[in-house]
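Structure first, commentary second.
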Amino acid sequence: MEDLTLSDSERARYARHLSIPDVGEAGQRKLKGSSVLLIGSGGLGSPAALYLAAAGVGRLGLVDDDKVDRSNLQRQILHGESWVGKPKIESARARLAEINPEIKVETHAVRLTADNAEEIASSYDLILDGSDNFPTRFLTNDLCFRQKKPCVFGSIFRFEGQVTVFAPHLGGPCYRCMLPTLPPPGAAPSCQEAGVLGVLPGVIGSLQAMEAIKLLLGIGKPPLGNLLCYDALRSSFRNLRIAADPDCRLCGSNPTILDLNNPETTAAPSCSMNFDIPTITVDELAERLPSSPVLIDVRQPEEHAEASIPGSILIPLGELPQRLSEIPQADEVLVHCKAGGRSAKAVAFLHEQGRTEAINVAGGMDAWLQRG
């Protein structure tokens with residue numbers, strides 16, 4: 001049996017916890033014997049992991065197969081400049097050891113899938129979802145339902161964030177009660193495309209850590225059936241009620257989802273179209289530039305003003321249907337945006353309109369600038 005006695009160094013470390021009646025020594029020992037699996041060590045996982053480690057949660061598991069990119073550093077506070085290009089979970093492990101060497105950090109350098117999720121999650125008390133795509137959120141939800149573990153959910157978008165706890169076994173709804181099926185491709189922009197204020201995931205990830213600690217200690221009231229919505233620009237919080245859906249395909253009275261392998265959990269993490277988008281690289285674009293190809297930039301005017309490719313025609317994605325006549329007839333019409341998402345949607349639309357000569361520039365302006 002695990003020894004949960006607090007050492008002298010732990011008593012000094014957690015002194016402020018020990019003085020709280022709702023925590024005290026019994027609560028701190030409970031945290032020491034608890035475990036949390038964090039899906040992702042990025043914007044949400046960073047602050048959540050830091051505070052869970054500092055609070056003395058005895059065992060933290062990190063699932064992430066990504067590497068640190070310089071663009072992460074604006075918000076993913078687990079990582080620093082010296083870790084750019086290296087695995088995130090190794091950066092996270094090193095940082096968390098500095099925060100609290102008394103805890104155990106376990107790393108899983110893989111992408112969570114329907115095939116590995118059950119085994120990875122089996123030994124943890126609850127799961128904190130810091131993922132950034134719909135399929136992983138569905139998978140985490142379904143996993144938590146099957147293993148009867150709370151799912152501490154968080155999401156962010158520009159200046160807004162959401163937090164809740166999905167736990168049908170505790171009387172609340174599941175993620176599918178709120179979002180029954182996978183949204184269509186392009187229904188929601190990625191963090192890369194939409195942007196996010198760097199401080200925002202710090203707020204939301206910290207709230208997720210708070211809910212996780214409450215659940216582990218058995219104190220307070222978790223937001224079961226309540227979606228806490230934070231608006232940074234208005235400095236406001238509001239609660240939206242999420243009712244458990246009796247017809248939910250997962251947690252309803254007549255479930256039809258009986259396995260982790262299902263269309264939502266096995267979908268591609270990135271937005272996909274109904275057909276293969278013809279694509280070229282930025283290097284191929286550079287080779288074509290001397291012949292003055294038709295190049296359409298579907299970003300916003302302010303983005304175009306900051307940096308643009310010579311000769312490009314600015315037609316923001318939202319204006320494309322009304323400005324089709326402005327696109328010259330050519331053997332090839334090349335389309336780019338910031339990172340490739342909006343331009344892929346534009347190319348799909350142009351093909352639907354019979355402009356099958358349209359080709360997407362993979363990576364967009366970001367890749368163009370990186371290549372110099």
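Read in order, the letters of the sequence shown correspond to residues 1 to 372 in UniProt numbering. By construction, the Cβ of each residue, glycine as well, lies at the ideal position given by its N, Cα and C atoms.
Within the stretch 7-76, the complete alpha helix (DSSP H) segments at least 4 residues long are 8-13, 15-18, 24-32, 45-55, listed from N- to C-terminus. Within the DSSP bridge table, the entry for residue 158 names 196 as partners.
Rounded to the nearest whole angstrom, the CA to CA distance from residue 93 to residue 65 is 14 Å.
Residue nearest to residue 52 within the set 70, 78, 68 is 78 (criterion: CA-CA distance).
DSSP places residue 347 in the helix class (H, G or I) of the three-state scheme. With a cutoff of 8 Å on beta-carbon distance, residue 211 and residue 201 are scored as not near each other. Between residue 242 and residue 178, the C-beta spacing is below 8 Å. Nearest to residue 366 by alpha-carbon distance, out of 134, 337, 67, 36, is 337. Per DSSP, the beta-bridge partners of residue 153 are 129, 164. In the DSSP assignment, residue 296 is bridged to 313, 335. Non-local C-beta neighbours of residue 328 in its own chain, meaning closer than 6 Å and more than five positions away in sequence, comprise 294, ordered along the chain. Here residue 45 has 38, 130 as same chain residues with Cβ atoms under 6 Å from its own Cβ, once five neighbours each way along the sequence are excluded.
Sorting 101, 100, 106 by C-alpha distance to the C-alpha of residue 90 places 106 at the top. A residue is called buried once 16 or more other Cβ atoms fall within 10 Å of its Cβ, and residue 12, having fewer, is exposed. As the crow flies, the alpha-carbon of residue 69 is around 6 Å from that of residue 85.
When beta bridges are read from the DSSP output, residue 229 appears opposite 162, 238. Distances from the CA of residue 209 to each of 49, 218, 27 were compared; the closest alpha carbon is that of 49.
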